[in-house]
Each structure stands twice: as structure tokens, then as C-alpha cells.
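Residue numbers (this note's numbering), protein chains in the order written: chain A, 1 to 175; chain B, 1 to 175.
Glycine included, C-beta positions come from ideal geometry on N, C-alpha and C.
Since the structure is predicted, the reported quantities are computational estimates derived from the model, not experimental observations.
Notes follow the structure.
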């Protein structure tokens with residue numbers, strides 16, 4: 001599977017159940033949300049802007065998309081978690097199952113970021129993103145066309161300490 | 001990584017946080033438990049008995065072990081979930097990263113089962129077990145020597161419907 005096929009399978013409206021394990025304290029957090037993944041044309045102005053910011057040739061990008069989410073955590077049921085961001089894959093021309101994923105700041109708590117992705121022989125998409133003081137590793141795979149799983153680990157960049165690990169099951173909704 | 005190394009890394013005492021997603025209803029269940037994984041000698045009588053039941057030559061088994069667990073779910077805090085079983089890997093002589101995993105009935109709710117495992121290039125252990133009316137797929141991998149992740153999906157054997165998906169983070173405890 002290449003990035004184009006992976007993203008084509010991801011386009012749609014998903015209902016997500018996410019469990020966050022706060023490892024140091026053994027705490028559980030439950031988040032329920034709706035996720036919308038929409039493909040963008042490479043010539044969309046938001047994609048061209050992002051390419052310019054990162055000095056990327058727009059000809060080299062593949063399957064850009066927008067992700068929008070809205071949800072609620074059982075830690076604070078009065079707060080709505082909502083946001084949106086634009087994601088632009090830039091496949092490595094030498095090794096087509098690897099590349100970079102550029103993300104804009106979007107709105108809400110998203111940080112602008114550049115991550116490195118690869119797609120394994122098992123068709124799992126793995127994304128590693130380094131931040132100033134932390135690193136995130138995310139693994140996404142399909143159980144069937146209508147069910148995606150996602151595991152994310154956040155580590156402090158100083159060491160190997162993993163702070164939180166989360167698991168999402170995402171079920172495709174009829175649109 | 002081969003099965004011997006995978007099991008050597010798994011031996012020990014682990015504190016587990018498990019989130020179960022009951023997908024049809026969007027329900028979350030949180031389970032906290034302690035897991036003990038102890039290696040057994042191939043000539044241990046419980047291993048030899050299990051080999052005999054399944055007509056397996058005891059010379060072909062590799063790294064048998066016992067797993068014992070005790071925990072509590074937030075769905076019924078008065079009930080203690082506890083059990084133990086013996087697990088015997090039988091590597092495929094042709095393809096050493098694949099094989100069968102034989103499990104005895106143990107005590108508590110465990111069912112005797114024979115599953116097919118493989119270890120991926122990413123060092124994930126994947127186990128597929130078919131039951132009478134369901135199939136389970138389990139994926140276990142190490143984030144670091146002291147943190148294991150485990151994702152399990154239970155499907156009805158009739159179709160592709162996934163009933164529950166669960167995620168465990170297992171942290172090694174000092175012994």
C-alpha cells in the first residue's frame with residue numbers, strides 16, 4: 001500500500017472512541033469524537049501556502065487532506081475539543097513507502113509540525129514527529145475498510161520515558 | 001527478532017492498564033491488572049501433557065511459559081478477574097518467524113486454543129486464533145524493554161464484524 005491508497009481509504013466521516021492511558025498514574029481517559037477527513041486539491045491555496053512556508057515544490061506533494069474533529073473527554077464534559085488542520089504528504093522519490101508529512105497549525109491546540117512517515121509491509125502507517133520537548137509516534141492501520149485503529153505514544157524527548165499512550169477505534173459513518 | 005527473544009523480553013511482572021472498546025455501543029471498559037510471565041522448562045510435566053494432547057513432539061517446542069493475571073474491571077469492581085494458563089510456541093521449521101501457539105485451558109475463563117503467530121519485520125508479535133464462533137487477532141510489541149503494548153480484536157467468525165477492540169499498556173514492575 002502506498003500513501004495515495006492509504007489516504008484514499010481514510011477519506012470520510014468517522015466516529016472515534018479514544019482511550020488515553022496516563023502511564024505514570026495509571027489513569028484512564030475516554031474521549032468520544034467525530035472526525036472528518038476530506039481530500040484537498042494540490043492547487044488548493046491552503047496547500048500552496050503550506051508548501052511555500054516549508055520551501056516544498058508543490059509538484060512533489062501527494063494526496064493532501066484536511067482533518068476536522070469535535071469531541072468530548074470524560075475528564076471535562078463541559079469542554080468541547082475541536083480543531084482542524086491541513087496535512088500534506090511529501091513522498092520520498094527514492095523510497096515510495098516513506099516520506100514526510102507536513103501539518104499546519106490549524107486552529108485549536110494543533111502545533112505546526114513536520115513528521116516522518118513510513119508504511120510497513122503490514123500496511124500500517126507509522127508517523128514519527130519530533131517536537132521541542134517531546135516526540136510522538138503514531139501507528140494507524142485498517143482492520144477492514146470501515147474500521148481503523150490508531151495507537152499514539154508521547155515520549156519526552158530527553159529520554160525513553162513514555163508519558164501517555166492512547167488507542168483509538170474509528171468507525172466509518174454513513175454520510 | 002525470533003520467538004525465543006520475544007518471550008525472553010516478556011518474562012517478568014507487569015502492571016497492565018487495559019481499555020476495552022465495545023464498538024456497537026461505543027462503550028469503554030477499564031481494566032487494571034497484574035500479570036506474571038514465568039518461563040517453564042520444556043520437560044515440565046504441564047508442557048509435556050499439553051504436547052501429548054495436541055500430538056506435538058516436545059523436541060519441537062520453544063520457550064514455553066506460564067502467564068498468570070489478577071485484575072479488576074470498572075464494570076464490576078466487586079469481581080476479581082484472575083486466571084492462569086500455559087502457552088507453548090511451536091516454531092515452523094521452514095519459516096522461523098512463524099509458528100503455532102498452543103494454550104491450555106488453565107483456570108478461570110480461558111479456553112484451550114491453538115493460534116497461528118508471526119513476528120513482523122517491525123518486531124511485532126501477531127497471533128490469530130480461531131474459535132467456534134469468533135476469531136481473535138492480537139498484536140503485541142515493545143516500545144522499550146519496560147513497556148509493552150497489546151491490541152486485541154475479537155471478530156465474529158461469520159463475517160468481518162469486529163465486536164470489541166482492546167488496548168493494553170503493560171509496564172514492567174521491579175520484582
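Item: Reference residue 29(A), options 171(A), 166(A), 172(A) and 118(A), closest by Cα; Value: 166(A)
Item: Under 7 Å from the C-beta of residue 153(B): neighbouring residues of chain A; Value: 143
Item: Chain-ordered chain A contacts of residue 26(B) [CB-CB under 7 Å]; Value: 17 and 32
Item: Local Cβ density within 10 Å of residue 103(A), reported as buried at 16 or more and exposed below that; Value: buried
Item: Segment contact flag, the region 83-92 of chain B with the region 47-59 of chain B, C-beta cutoff 8 Å, min 3 pairs; Value: yes
Item: Assigned secondary structure, residue 100(B) (DSSP; H/G/I helix, E/B strand, else coil); Value: strand
Item: Residue 235(A) versus 126(A), 79(A) and 105(A), residue with shortest Cα-Cα distance; Value: Because chain A here runs from 1 to 175, residue 235(A) falls outside it and cannot be looked at.
Item: Cβ neighbour criterion (16 or more within 10 Å) applied to residue 138(B); Value: buried
Item: is_contact[residue 169(A), chain B] using C-beta, thresh 7 Å; Value: yes
Item: Residue 165(B) - partner residues in DSSP beta bridges; Value: 21(B) and 153(B)
Item: Beta-carbon contacts of residue 10(A) that lie in its chain and below 6 Å, excluding the five residues immediately before and after; Value: 37
Item: Residues within the region 94-124 of chain A neighbouring chain B, beta-carbon criterion of under 7 Å; Value: 120, 121 and 122
Item: Whole-angstrom distance between residue 141(A) and residue 174(B), CA atom to CA atom; Value: 33 Å
Item: Which of helix, strand or coil DSSP assigns to residue 133(B); Value: coil
Item: Chain-ordered chain A contacts of residue 179(B) [CB-CB under 9 Å]; Value: Chain B is shown only over 1 to 175; residue 179(B) falls outside these bounds and no answer can be derived.
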